[in-house]
Amino acid sequence: MEKLEDITVPMQNPRVSKWERPEAGSVKANFDASFHQQSNKSVLVILIRNREGLVMVACTYLNEHVLKSTMAKVRACLKPIIFTNELGFRRILVAGDTLTVFKRVRTTEEDKSNISNLVNEKANEAVHSLAEEGRRYETPKYWIEEAPKRVEEP
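In the UniProt record's numbering, the protein residues as written are 1 to 154.
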(Lines of atoms letter the chains of each structure in order from A and count residues from 1; the text may use other names and numbers.)
(Lines give C-alpha, C1' and ligand atoms only; values in the text may rest on other atoms or scores of the structure.)
Protein backbone atom coordinates (compact mmCIF):
# COMPACT_ATOMS: atom_id res chain seq x y z
CA MET A 1 0.00 0.00 0.00
CA GLU A 2 1.28 3.45 -0.86
CA LYS A 3 1.93 5.98 1.85
CA LEU A 4 -1.20 7.55 3.28
CA GLU A 5 0.72 10.83 3.62
CA ASP A 6 0.50 11.23 -0.17
CA ILE A 7 -3.29 11.50 -0.06
CA THR A 8 -4.90 14.93 0.08
CA VAL A 9 -7.67 14.84 2.67
CA PRO A 10 -9.06 18.32 3.38
CA MET A 11 -11.36 18.53 6.41
CA GLN A 12 -14.82 19.94 5.83
CA ASN A 13 -16.82 22.00 8.31
CA PRO A 14 -19.18 19.34 9.72
CA ARG A 15 -22.09 21.75 10.31
CA VAL A 16 -23.58 21.68 6.84
CA SER A 17 -27.27 21.46 6.03
CA LYS A 18 -27.15 19.78 2.62
CA TRP A 19 -24.80 17.63 0.59
CA GLU A 20 -22.01 19.75 -0.84
CA ARG A 21 -20.07 18.73 -3.92
CA PRO A 22 -16.29 18.24 -3.82
CA GLU A 23 -13.86 20.29 -5.91
CA ALA A 24 -13.30 19.36 -9.54
CA GLY A 25 -11.16 16.24 -9.83
CA SER A 26 -12.09 15.09 -6.31
CA VAL A 27 -14.58 12.67 -4.82
CA LYS A 28 -16.45 13.02 -1.55
CA ALA A 29 -16.54 10.18 0.97
CA ASN A 30 -19.33 10.54 3.53
CA PHE A 31 -19.14 8.09 6.40
CA ASP A 32 -20.93 7.19 9.59
CA ALA A 33 -21.10 4.45 12.19
CA SER A 34 -24.11 3.07 13.97
CA PHE A 35 -23.38 1.47 17.37
CA HIS A 36 -25.55 -1.14 19.12
CA GLN A 37 -24.41 -1.37 22.74
CA GLN A 38 -26.32 -4.54 23.71
CA SER A 39 -24.66 -6.61 20.99
CA ASN A 40 -21.32 -4.74 20.99
CA LYS A 41 -21.59 -4.36 17.22
CA SER A 42 -21.35 -1.38 14.94
CA VAL A 43 -22.10 -0.79 11.29
CA LEU A 44 -19.66 1.40 9.38
CA VAL A 45 -20.82 2.91 6.10
CA ILE A 46 -19.00 4.82 3.38
CA LEU A 47 -20.68 6.56 0.46
CA ILE A 48 -18.38 7.96 -2.24
CA ARG A 49 -19.81 10.40 -4.80
CA ASN A 50 -18.26 12.36 -7.63
CA ARG A 51 -18.71 16.10 -8.21
CA GLU A 52 -22.00 15.50 -10.05
CA GLY A 53 -23.37 13.63 -7.03
CA LEU A 54 -23.32 10.24 -8.73
CA VAL A 55 -22.50 7.27 -6.51
CA MET A 56 -19.06 5.85 -7.27
CA VAL A 57 -18.98 3.31 -4.43
CA ALA A 58 -21.14 2.52 -1.41
CA CYS A 59 -20.21 0.00 1.25
CA THR A 60 -21.19 -1.29 4.67
CA TYR A 61 -19.09 -3.15 7.22
CA LEU A 62 -20.23 -4.94 10.35
CA ASN A 63 -17.77 -4.63 13.24
CA GLU A 64 -18.02 -6.98 16.21
CA HIS A 65 -16.57 -6.67 19.71
CA VAL A 66 -17.01 -2.89 19.77
CA LEU A 67 -17.23 -1.77 23.38
CA LYS A 68 -17.86 1.97 23.01
CA SER A 69 -19.44 4.29 20.48
CA THR A 70 -16.15 6.23 20.39
CA MET A 71 -14.38 3.10 19.16
CA ALA A 72 -16.97 2.71 16.38
CA LYS A 73 -16.51 6.34 15.32
CA VAL A 74 -12.70 6.12 15.31
CA ARG A 75 -12.89 3.09 13.01
CA ALA A 76 -15.35 5.03 10.88
CA CYS A 77 -12.90 7.94 10.52
CA LEU A 78 -10.02 5.79 9.36
CA LYS A 79 -11.80 3.43 6.98
CA PRO A 80 -12.80 5.93 4.25
CA ILE A 81 -9.21 7.16 3.95
CA ILE A 82 -7.82 3.63 3.66
CA PHE A 83 -10.66 2.45 1.41
CA THR A 84 -10.44 5.35 -1.07
CA ASN A 85 -6.66 4.89 -1.26
CA GLU A 86 -7.12 1.19 -2.07
CA LEU A 87 -9.58 2.15 -4.83
CA GLY A 88 -7.05 4.55 -6.34
CA PHE A 89 -8.73 7.85 -5.47
CA ARG A 90 -6.11 10.48 -4.60
CA ARG A 91 -8.13 13.65 -4.10
CA ILE A 92 -10.88 13.02 -1.59
CA LEU A 93 -13.03 15.11 0.70
CA VAL A 94 -13.95 13.12 3.80
CA ALA A 95 -17.11 14.23 5.61
CA GLY A 96 -18.56 12.83 8.79
CA ASP A 97 -18.61 13.17 12.54
CA THR A 98 -14.86 13.72 12.79
CA LEU A 99 -14.58 16.76 15.05
CA THR A 100 -15.98 14.99 18.09
CA VAL A 101 -13.83 11.93 17.50
CA PHE A 102 -10.58 13.84 17.09
CA LYS A 103 -11.24 15.83 20.26
CA ARG A 104 -11.78 12.61 22.19
CA VAL A 105 -8.81 10.78 20.70
CA ARG A 106 -6.46 13.62 21.71
CA THR A 107 -7.48 13.60 25.38
CA THR A 108 -6.09 11.19 27.96
CA GLU A 109 -9.15 11.50 30.17
CA GLU A 110 -11.91 8.90 30.03
CA ASP A 111 -14.94 10.24 28.22
CA LYS A 112 -18.26 8.70 29.25
CA SER A 113 -20.48 10.95 27.17
CA ASN A 114 -22.37 9.85 24.08
CA ILE A 115 -21.31 10.92 20.63
CA SER A 116 -23.91 12.80 18.65
CA ASN A 117 -23.79 13.72 14.99
CA LEU A 118 -22.36 17.13 14.09
CA VAL A 119 -23.31 16.71 10.47
CA ASN A 120 -26.84 17.97 9.94
CA GLU A 121 -29.33 15.10 9.67
CA LYS A 122 -30.52 16.28 6.24
CA ALA A 123 -26.96 16.48 4.87
CA ASN A 124 -26.14 12.96 6.02
CA GLU A 125 -29.52 11.37 5.25
CA ALA A 126 -28.14 9.05 2.56
CA VAL A 127 -25.42 7.75 4.88
CA HIS A 128 -27.95 7.11 7.65
CA SER A 129 -30.11 5.17 5.17
CA LEU A 130 -27.06 3.18 4.13
CA ALA A 131 -26.37 2.37 7.81
CA GLU A 132 -29.91 1.01 8.15
CA GLU A 133 -29.31 -1.12 5.07
CA GLY A 134 -25.96 -2.31 6.46
CA ARG A 135 -27.56 -3.75 9.60
CA ARG A 136 -29.09 -6.44 7.39
CA TYR A 137 -25.71 -7.96 6.46
CA GLU A 138 -23.21 -10.02 8.45
CA THR A 139 -20.43 -9.50 5.90
CA PRO A 140 -19.22 -6.39 4.05
CA LYS A 141 -21.53 -5.29 1.23
CA TYR A 142 -20.34 -3.22 -1.75
CA TRP A 143 -22.17 -1.37 -4.51
CA ILE A 144 -20.16 -0.07 -7.48
CA GLU A 145 -21.58 2.93 -9.38
CA GLU A 146 -24.88 2.37 -7.61
CA ALA A 147 -26.40 2.15 -4.14
CA PRO A 148 -29.68 1.07 -2.58
CA LYS A 149 -32.50 3.18 -4.10
CA ARG A 150 -33.12 5.39 -1.04
CA VAL A 151 -29.39 6.25 -0.91
CA GLU A 152 -28.95 7.32 -4.56
CA GLU A 153 -30.00 11.01 -4.32
CA PRO A 154 -27.42 13.41 -2.76
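In this text, a Cβ means the ideal position worked out from N, Cα and C, and glycines have one as well.
Review point. Under the three-state reduction of DSSP, which class applies to A29: helix, strand or coil?
Key: strand
Check your understanding: For the candidate residues E125, E64, A29, M56, whose alpha-carbon lies nearest to that of F35?
Key -> E64
Review point. Under the three-state reduction of DSSP, which class applies to H65: helix, strand or coil?
Key: coil
Review point. On the three-state DSSP scale, how would you describe A24?
Key: coil
Exercise for review: Taking E133 as the reference, give the member of A29, K149, I144 with the closest Cα.
Suggested key: K149
**Study point:** Under 8 Å between C-beta atoms of V74 and S42
**Key:** no
Practice item. Within 10 angstroms of the Cβ of G25, are there 16 or more other Cβ atoms? Answer buried if so, exposed if not. Key: exposed
**Study point:** Assigned exposure category for G88 - 16 Cβ within 10 Å defines buried
**Key:** exposed
Practice item. Please say whether A76 and I48 have beta carbons closer to each other than 8 Å? Key: no
Exercise for review: Return the bridge partner residues of T60 from the DSSP annotation.
Suggested key: V45, K141
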